[in-house]
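Student: If you want my numbering, it's the position in the sequence shown, counting the first as 1, plus 1.
Following this message is one structure expressed as structure tokens.
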Amino acid sequence: MQLGGEREALAWYARHLIADGLAVGTAGNLSIRAGELVAITPSAVPYEKVTPELCAVVKLDGEVIEAETEPSLELRLHLAVYGGTAAGAVVHTHPAFATAVGAVFDELPGVHYLVAELGGPVRVVAYAQPGSANLAEGVVTALTGRSAALLRNHGAVTTGESLERAYERAVLLEWLCAVWVRAAALGDPAVIAPEDLTRLADLVSTYGRR
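As structure tokens, then:
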């Protein structure tokens with residue numbers, strides 16, 4: 002089985018998506034890049050039933066190398082992110098607060114200094130059909146200088162050098178969106194100035210890793 006370790010990791014994190022409030026049903030998908038290959042979760046398989054064997058391995062051009070079932074519907078999105086960024090892993094989720102923010106606002110602003118961990122205010126990608134080239138292109142553009150994007154009426158995407166980092170950012174993004182929704186319900190939230198977020202970028206990128 003090619004990319005056995007990567008597929009084990011995908012199955013492990015997939016089983017945590019619903020418990021962590023990042024997905025409902027079979028929505029959402031995860032992938033890891035390993036050189037010129039990508040391992041990705043299967044399409045329409047309940048997360049408690051995802052196994053390493055069900056995760057597909059494809060080339061960067063989309064050619065399927067190993068797959069017991071169809072790769073995720075959002076394969077095009079994942080491959081576009083790998084082609085347009087330095088990401089080592091991609092996590093696409095459908096969490097409630099992130100989806101709500103993406104349905105109302107054009108970006109998630111600096112409501113908390115940890116927005117700097119995602120590169121700054123998180124952009125919202127214009128609505129496009131799931132699985133479409135337009136959605137994939139929009140996500141890549143929104144990820145310029147960022148490790149997260151919100152998708153209008155859809156969900157969220159986070160990236161990282163590893164699946165662990167991409168998943169941590171998915172959890173963080175949902176928390177930040179929850180803070181913003183609750184703050185906006187109370188009044189007009191204060192936001193951190195862009196220049197202050199820039200100064201915070203190095204701090205949050207090394208926090209807990211020195």
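Using N, Cα and C, we set each Cβ at its ideal position, and we do this for glycine too.
This one's a predicted model, so the numbers in the text were calculated from it and none came from an experiment.
Tell me where the beta strand (DSSP E) around Ala12 begins and ends.
Tutor: For the purposes of this step, residue 12 is taken as the residue at position 11 of the sequence shown. Taken as a continuous stretch (DSSP letters only), Ala12 belongs to no beta strand (DSSP E), being part of the alpha helix (DSSP H) at 5-15.
Student: Helix or strand or just coil, what does DSSP make of Arg34?
Tutor: As a first step, residue 34 must be located in the sequence shown, where it is residue number 33. The answer is strand: DSSP assigns Arg34 an E or B state.
Student: Figure out for me which residue from Ile66, Glu169, Lys60 has the closest Cα to the Cα of Asp21.
Tutor: As a first step, residue 21 is located in the sequence shown; it is residue number 20 there, counting from the start. Looking at the Cα atoms, Glu169 is the closest of the given residues.
Student: I'd like to check one pair, Leu174 with Ala202: are the Cβ atoms closer than 8 Å?
Tutor: Along the sequence shown, read from residue 1 onward, the residue named residue 202 stands at position 201. Along the sequence shown, read from residue 1 onward, the residue named residue 174 stands at position 173. Not closer than 8 Å, so no.
Student: Between which residues of its own chain and Pro53 is the CB-CB distance below 8 Å, once the five residues before and five after are set aside?
Tutor: For the purposes of this step, residue 53 is identified with residue 52 of the sequence shown, where counting begins at 1. Taken in chain order, the residues that qualify are Met2, Gly5, Arg8, Glu9, Leu11, Ala12.
Student: Which residues mark the beginning and the end of the beta strand (DSSP E) in which Thr161 is found?
Tutor: By one-based count along the sequence shown, residue 161 stands at place 160. The identity of residue 161 in the sequence shown is Gly, whereas the question assumes Thr. Gly161 -> beta strand (DSSP E) spans 156-161.
Student: Please classify His79: does DSSP put it in a helix, a strand, or coil?
Tutor: The residue you call residue 79 lines up with position 78 of the sequence shown. Of the three classes helix, strand and coil, the one that applies to His79 here is helix, per DSSP.
Student: Beta-carbon within less than 7 Å of Ser163's beta-carbon, same chain only, minus the 5 sequence neighbours each way: which residues are those?
Tutor: Position 162 of the sequence shown, counting from 1, holds the residue named residue 163. So the qualifying residues of the chain are Gly89, Ala90.
Student: Inspect the beta-carbon positions of Glu64 and Ser44 and report whether they are closer than 8 Å.
Tutor: Locating residue 64 in the sequence shown gives position 63, counting from the first residue. Locating residue 44 in the sequence shown gives position 43, counting from the first residue. No; because the gap between Cβ atoms is not below 8 Å, this pair is not in contact.
Student: Flag this pair as touching only if the region 67-85 and the region 99-118 have three or more C-beta atom pairs under 8 Å; answer yes or no.
Tutor: no
Student: Would you report the Cα separation of Leu23 and Leu187, rounded to the nearest angstrom?
Tutor: Here residue 23 is taken as the residue at index 22 of the sequence shown, counted from 1. Here residue 187 is taken as the residue at index 186 of the sequence shown, counted from 1. Approximately 25 Å between the Cα atoms of the pair.
Student: If distances are taken between C-alpha atoms only, which option among His79, Arg183, Arg124 comes closest to Gly161?
Tutor: Working through the sequence shown from its first residue, we reach residue 161 at position 160. Measuring from the Cα of Gly161, the nearest candidate turns out to be His79.
Student: Please list, in chain order, all residues of the same chain as Val92 whose beta carbon is under 6 Å from its beta carbon, the five residues on each side excluded.
Tutor: Taking the first residue of the sequence shown as position 1, residue 92 is located at position 91. Take Val92, set aside five residues on each side of it, and the residues of its chain with a beta-carbon closer than 6 Å to its own are Leu31, Thr159, Ala167, Tyr168, Ala171, in chain order.
Student: Measure the CB-CB distance between Ile33 and Ala57 and report whether it falls below 8 Å.
Tutor: Within the sequence shown, the letter at position 32 stands for residue 33. Within the sequence shown, the letter at position 56 stands for residue 57. At least 8 Å separates the beta-carbon of Ile33 from that of Ala57.
Student: Going by DSSP in three states, Glu165 sits in which element: helix, strand or coil?
Tutor: Taking the first residue of the sequence shown as 1, we reach residue 165 at position 164. Helix, per DSSP.
Student: Taking the beta carbon of His17 as the centre, do at least 16 other beta carbons fall within 10 Å, making it buried, or is it exposed?
Tutor: As a first step, residue 17 is located in the sequence shown; it is residue number 16 there, counting from the start. Per the 10 Å Cβ criterion, exposed.
Student: Where Val59 and Glu75 are concerned, what is the direct C-alpha to C-alpha distance, given to the nearest angstrom?
Tutor: Residue numbering aside, residue 59 sits at position 58 when the sequence shown is read from its first letter. Residue numbering aside, residue 75 sits at position 74 when the sequence shown is read from its first letter. Between Val59 and Glu75, the C-alpha separation is close to 13 Å.
Student: If you run the structure through DSSP and keep just helix, strand and coil, what is Leu74?
Tutor: Within the sequence shown, the letter at position 73 stands for residue 74. If DSSP states are grouped into helix, strand and coil, Leu74 belongs with coil.
Student: Note down the Cα distance separating Ala134 from Leu119, rounded to an integer number of angstroms.
Tutor: Within the sequence shown, numbered from 1, the residue matching residue 134 stands at position 133. Within the sequence shown, numbered from 1, the residue matching residue 119 stands at position 118. Straight-line Cα distance between these residues: approximately 24 Å.
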